[in-house]
Amino acid sequence: MRVPVALILWVFLLYANTLDNGFHYDDTHSLIDNPSVRSLANVGRFFVDPGSFSAMPEARMYRPLLLVSYAVNHALGEYDAFGYHLANVLLHAINACLVWFVARRILARSGTALTVALLFATHPVVSEPVNYISSRSTTLSAMFVLAAFLVLVDGARRPRPTWGHHVALALLAASALLCKSVGIVLLPVAVLWLWLLGPGGRGAWALLAGPVIVASAYVLGTRAIVTKALLEPVRSQGTQVATQLKAIPFYAYTNLMPTHLSVEPQFFVETGPTLLAVLALALATCLAAAVVVLRRLCPAAAFGAGWFAVTLAPSSIVPLNVLVNEHRLYLPLVGGAILATALLAAAGRRVRFLGPALLAIWAALVLQRNGDWTSEETVWLDAARQGPAMPRVHVNLGKGYLEAERYAEAIEASRRGLALDPDIALAHYNIGTSYLGMGLYEEAIASFEAALELQPDMLEGLNNMANAYHHRGDHERSLAIFRQALALYDWSQLHHNMGAVFLEAGQPDSAVVHFQQANSLEPKDRETTEGLVRALIRAERPQGAQQLLDRALHEAPGDAELLRLLAQAQMGMGKDREALTTFRRAGLPAAEAHLLIGGKARERHEWRRAREHFDAGLVTAPQDARLLDALGTVHVADGDWLGALELFRRAAQQDATLASAFRNIGLVNLHFRRVAEALAALERARDLDGDDGKTWELLARTYAQGRRPSEAVFAYGRAIELQPERAGLYHNLAMLHQSRDASGDRREAERLFREAIHRDAGQTEALYSLGFLLLEQERWSEAVRVIEELLEKEPGNAEAHINLASAYLNLGKGDLAARSYERFLELHTEEDDMRRKVERQLQLLRESSD
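The opening residue of the sequence shown carries number 13 in the working numbering; numbering runs sequentially from there.
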């Protein structure tokens, strides 16, 4: 057992510096975002649902044993990448040991078998399947293929193979296929060995029965996936043949000179016969001839060459999205190592020094290559250096920058990819997500639209475009896109995000529904649990929130954030004393706890309760500026503006950086129409906190009162940027534009009125103003539609009936105008000039109709 132990130690020495590396590329959709692997309870589903392979519906694959390995990893350490990398290194170490056992059965001497195992374990080309967690399918499948081969050899060399050999061989063949379809290579490898090195006899060949049955069942069971790959190929068969012929010298060079490795080598599609393709065909012919010749001279070398060829064949025959990559050489490398060792052994002692020298060089290259796999950024930065003409490497580098929140670099890298290939949806997605992170929502939406035009079912694109509309305050459009995405895939993140939109839109009951759906799909997701609790509290269902929190706190009894949420639920049930105790358990001082409980009471307009808590907080912290400021808002609600002003000023004196105190001083002065004093206080609040939408709104109102319309327009614009969901801001800004009475301002006013209505269909003020604006522009039919919509929502709006009558008159519909006037008179019973004017107009209408 000394050799296997030494091999395992050698592999761990080579790859010890990979254990702290992160996740990469396909790991995101197949592992990190894939809810299926987060519970061992889903193991049964892995074997019946190819959709469980990925969070992306279009990435369906049947690899159940791979998913089982992910689920075990997740059960042991969730998403700590260390455990996943440890498993990958261990698998490679096991495979190195299996290669040693295989080589002992192929080669005559144990020393040469160790050389084969060391060449396989140390070759730099295997650094990709070891470092890249998603390449575990390759190493896992290879493990079962190697183990099955050993069973085959053992059974074939017996006078009569036992049933144990047949069963073990069938189970291992099935296991290889259940990790990755490349496990199918067991059959040609077995045939090759039986032909070149096998003992002959029916018993030996009969061992193939189990793998043949398993392979047939696999092909039939996965025919939907296999048929798509064969009947809907990503390129024509002619192009595939020409391209893969060109790949032969590439793979040969990569094996012999593994110095410029890349996660995506610079390699292009070959559309027809070229000199290189012809030379590659000649090379392949020579390789086949060498196998035949070596069969007699050196059967082990012939077998090694044949192993290399047949294990590489599946990816060469079936057209795949990626033209060439390094992990496809993992299993062929076993044959390459056998071939090289057999030839070196045949050459004699003169070349024995090459083995140790090669291992030393390769070990240094592996340690260096491991560093390239540290992060998404490093692996794709290296790929971009190795293959600057490959568009995807720039796009994936952009994704790496995006994950590191280096948005400008992500945009630049993705645009380099688009310059090489304008049809890469992921590049537009990267750019859109970068703009989303930068708060540039219009630019983000434009990029997501470009991505979705190329790939309409891109789930992440739909999700992030909906998020962009959410941040822009367009809840209706955001929810419509989320629903479109849900029609493609029932993803927990979509339900979570919809819950957040509904919560912000003031529809907590709908938010609860979607947070519950997200919670049922991912019951252990902390963020979803907290979202559901907040939605339940907002929906005035605090008992349900408390039940959830009790379960969560049972697992994390001292969690401060959960305790704060529990206190909020207790506040919702009117249990202020319990809430106070819970806040204290969460580590909050008494003054802070009273401030939060009083703030909740203030939200509910329970002014007496709010005052009690603010007063109680000031008993423990009499100089607390936040409590003084909060108590001032209660005085405002009670109509005690002067008392409120005194409290706001005391708060500002205690804390000259408290922006809300200066904002509230501005509010009181604005109430008393002291424009200069209001402006001074509000500009101070703006300087302290330039991202407070309420401050900008008050500034806009102050500028408008001070007859500074341009500055008022700018301030309303900033308020809208910060609070895009508030329909009233659009209405107020529209009124400013309408008052300026220029054609451009009227167009902008109309746009803003419509924005206000879009964000809040119940915005009757905006409907009234828009209807009036359309009357001014003599757009009578449009005015009728808007005013009628207003009256559906507010039938008692008397003035709207006058406006509607005016529109009907100009459309020549006197009878409808008369009805509108009559309705006005029913609603407006006060005897005033307006009523008398309408009565005269109605009389004239009746006389003209007679």
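We put the CB at the ideal spot given by N, CA and C, even for glycine.
Contact between Leu190 and Arg75 is confirmed by a C-beta separation of about 7 Å, below the 8 Å threshold.
Taking 8 Å as the upper bound for CB-CB distance, Ala439 and Gly429 are in contact here, some 5 Å apart. Residue range Ser504 to Glu516 is occupied by the alpha helix (DSSP H) that includes Glu516.
In this structure, Phe460 lies near Ala480, with their beta-carbon atoms less than 8 Å apart. Counting only residues of its own chain and dropping the five nearest sequence neighbours on each side, Leu324 has a CB closer than 6 Å to the CB of Pro344. Around the beta carbon of Glu338, 16 or more other beta carbons sit within 10 angstroms, so the residue counts as buried. Secondary structure at Arg858: helix, using DSSP grouped into helix, strand and coil. The Cβ neighbour count for Met583, taken over all protein chains shown within 10 Å, is at least 16; the residue is labelled buried.
Annotation for Phe24: the continuous alpha helix (DSSP H) segment containing it runs Arg14 to Tyr27. With fewer than 16 other Cβ atoms from the protein chains shown falling within 10 Å of its own Cβ, Glu615 counts as exposed.
With respect to the 8 Å criterion, Trp392 and Asn408 are classified as neighbours on the basis of their beta carbons. The DSSP assignment places complete alpha helix (DSSP H) segments of no fewer than 4 residues inside the stretch 153–200 at 175–191, in order along the chain. A distance of 8 Å or more separates the beta carbons of Gly210 and Leu181.
Within a 10 Å sphere around the beta-carbon of Pro569 sit fewer than 16 other beta-carbons, which makes this residue exposed. When Cβ pairs closer than 8 Å are counted between the two stretches, the stretch 420–435 is seen not to touch the stretch 49–67, the count staying below three. Its Cα nearest to that of Leu268, the residue Leu131 stands out among Leu31, Leu131 and Asp652. Under the three-state reduction of DSSP, Ser751 is assigned to helix. Runs of the alpha helix (DSSP H) lying entirely within the stretch 39–92 and spanning at least 4 residues, in chain order: 55–58 and 76–89. Around the beta carbon of Ile44, fewer than 16 other beta carbons sit within 10 angstroms, so the residue counts as exposed. Rounded to whole angstroms, Pro736 and Gly702 show a C-alpha spacing of 16 Å. Apart from the 5 residues on each side of it in sequence, Leu857 sits with its Cβ closer than 6 Å to the Cβ of Gly826 and Ala830 in its chain, given in chain order.
Apart from the 5 residues on each side of it in sequence, Leu816 sits with its Cβ closer than 6 Å to the Cβ of Ile799 and Ser832 in its chain, given in chain order.
For Phe674, the enclosing alpha helix (DSSP H) stretches over residues Ala671 to His683. Judged by DSSP in its simplified three-state form, Cys310 adopts coil rather than helix or strand.
If the five residues before and after Arg835 are omitted, its C-beta is found closer than 6 Å to the C-beta atoms of His813, all from its own chain and listed in chain order. In the displayed model, His647 falls within a helix according to three-state DSSP. Cβ neighbours of Gly774 within its own chain (closer than 8 Å, five residues either side excluded): Lys805. Counting along the chain, Met450 sits inside the alpha helix (DSSP H) bounded by residues Ala437 to Met450. Assigned with DSSP and collapsed to three states, Thr234 falls in coil, not helix or strand. With respect to Ala105, Leu19 sits close: the two C-beta atoms are nearer than 8 Å. Distances from the CA of Leu110 to each of Glu140, Val15, Tyr37 and Gly212 were compared; the closest alpha carbon is that of Val15.
Gly678 sits close to Ala690, with the two beta carbons spaced by under 8 Å. Taking the Cα of Arg340 as reference, the smallest distance to any Cα among Ile350, Ala349 and Pro326 is reached at Pro326. Cβ neighbours of Gly367 within its own chain (closer than 6 Å, five residues either side excluded): Thr127.
Taking every protein chain shown into account, the CB of Gln635 has fewer than 16 other CB atoms within 10 angstroms, so this residue is exposed.
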